[in-house]
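Going by my numbering, the sequence shown opens with residue 142, and the numbers climb by one from there.
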Amino acid sequence: MPATFSAGAESSAMEARTSDEHLAIYVTGPLIGEVSSVVPTIDGVVAAPALNKLFGMVQRSNHLSKVEVVPDKVWRTLVADRGSDGEQAPGSWQTACQYLMETGTVNDRIDTIEQLQRGQPHMERAYLKRVQEVVWDRCFIEVVSRGISMGVEERHGLGPTESHVGDVISILYGCTVPCLLRESPWVPGSYRPVGECYVYGLMDGEAITCRSEEALERDKMVFRIV
142 MPATFSAGAE SSAMEARTSD EHLAIYVTGP LIGEVSSVVP TIDGVVAAPA
192 LNKLFGMVQR SNHLSKVEVV PDKVWRTLVA DRGSDGEQAP GSWQTACQYL
242 METGTVNDRI DTIEQLQRGQ PHMERAYLKR VQEVVWDRCF IEVVSRGISM
292 GVEERHGLGP TESHVGDVIS ILYGCTVPCL LRESPWVPGS YRPVGECYVY
342 GLMDGEAITC RSEEALERDK MVFRIV
């Protein structure tokens with residue numbers, strides 16, 4: 142069963158109202174960004190394009206094993222920054238990820254099934270099992286800023302397998318994780334929920350807690366969900 146994302150801060154109470162027209166519900170929250178790239182995972186394989194985007198590298202053969210230090214964004218995103226019990230991922234997993242990059246990447250991809258069958262040291266095995274839990278039936282997403290500033294032009298994370306380029310991400314009031322929404326092709330101006338997602342750097346309430354009430358009021362949007 143896929144792992145569940147978790148965040149450390151909860152936004153303020155949801156503002157919602159139902160509508161008889163098209164059985165819609167209205168929810169409020171800041172628009173964060175738009176999905177600009179989707180890389181699927183198949184049977185627990187972290188594909189080379191996903192790793193290259195996380196590392197911020199142009200893809201070329203067999204170079205990830207030469208990375209000297211694995212950035213936080215990479216090793217935390219691969220496990221959605223959580224251990225198997227839902228606690229924050231331990232810092233020692235950075236070393237485990239480094240070991241995996243040095244010994245377990247083939248053509249710059251990670252096959253979690255193959256690597257677990259090979260046998261790994263205890264800490265590396267625990268990290269690899271968590272990677273498999275997280276990426277199974279999910280895809281890697283790249284998100285470009287829309288609405289409020291994300292602090293950087295683009296961020297990376299994980300979304301449902303149904304994620305598409307053009308989907309938008311919002312932190313809806315009352316939700317503890319970013320939500321992926323898709324504009325409805327049948328009801329103009331309306332959206333349907335696709336699922337929850339993990340976006341590195343936005344999982345501890347930063348989009349809410351670091352902004353003043355005035356800024357939140359200015360940047361909030363009302364989404365019509367059908």
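Beta carbons: idealized from backbone N, C-alpha and C, even for Gly.
Which of helix, strand or coil DSSP assigns to residue i
i	result
T169	strand
M362	strand
P301	strand
E228	coil
I282	strand
L129	What the structure shows of the chain is the stretch from 142 to 367, and residue 129 is not part of that stretch, so it cannot be assessed.
E355	helix
R296	strand
Q200	Bear in mind that a pLDDT of 45 at Q200, under 50, signals an unreliable position, so the number given afterwards is only what the model happens to contain. The answer is coil: DSSP assigns Q200 none of H, G, I, E or B.
D308	coil
E274	helix
V367	coil
R287	coil
D222	coil
C243	Reading off the sequence shown, one finds Glu at residue 243, where the question assumed Cys. Three-state DSSP puts E243 in a helix.
D345	coil
P190	helix
V372	With the chain covering only 142 through 367, there is no way to say anything about residue 372.
E255	helix
Y92	A query on residue 92 cannot be resolved here, the shown segment of the chain reaching from 142 to 367 and no further.
E209	coil
Residue i burial status per 10 Å Cβ neighbour count (16 or more: buried)
i	result
G300	buried
G197	exposed
E243	exposed
S304	buried
D226	exposed
L343	buried
A356	exposed
L172	buried
N248	exposed
G174	buried
V363	exposed
R359	exposed
Chain B within 7 angstroms of residue i, Cβ atoms only
i	result
D184	Going by chain labels, chain B is absent from the structure shown, which holds only one protein chain.
Closest by C-alpha distance to residue i, when choosing among the options
i	options	result
R287	G170, M344, S331 and C316	G170
V276	D222, I173 and E324	D222
G260	V247, L172, L241 and D278	L241
H190	D278, A230, H297 and A165	Note on identity: in this sequence residue 190 is Pro, with His being the wrong assignment. Looking at the Cα atoms, H297 is the closest of the given residues.
R250	E354, N193, L343 and E303	N193
D308	R365, D345 and V335	V335
V318	M362, P329, P326 and D345	D345
E274	Q239, W327, P326 and T218	T218
G224	S325, P326, L269 and V328	L269
Cβ-Cβ distance between residue i and residue j below 7 angstroms
i	j	result
V215	L195	yes
I254	V284	no
V179	C280	yes
Y332	L322	yes
V176	V306	yes
I166	I312	no
Q258	G245	no
Task: Sufficient close CB pairs (3 or more, under 8 angstroms) joining the segment 225 to 240 to the segment 250 to 268 - done: Three or more Cβ pairs closer than 8 angstroms define a contact, and the segment 225 to 240 meets that threshold against the segment 250 to 268.
Open item on the list: Across the segment 208 to 223 and the segment 172 to 185, are there enough close Cβ pairs to call them in contact, namely three or more that are closer than 8 angstroms?
Closed with: In short, these stretches do not touch, since the Cβ pair count stays below three.
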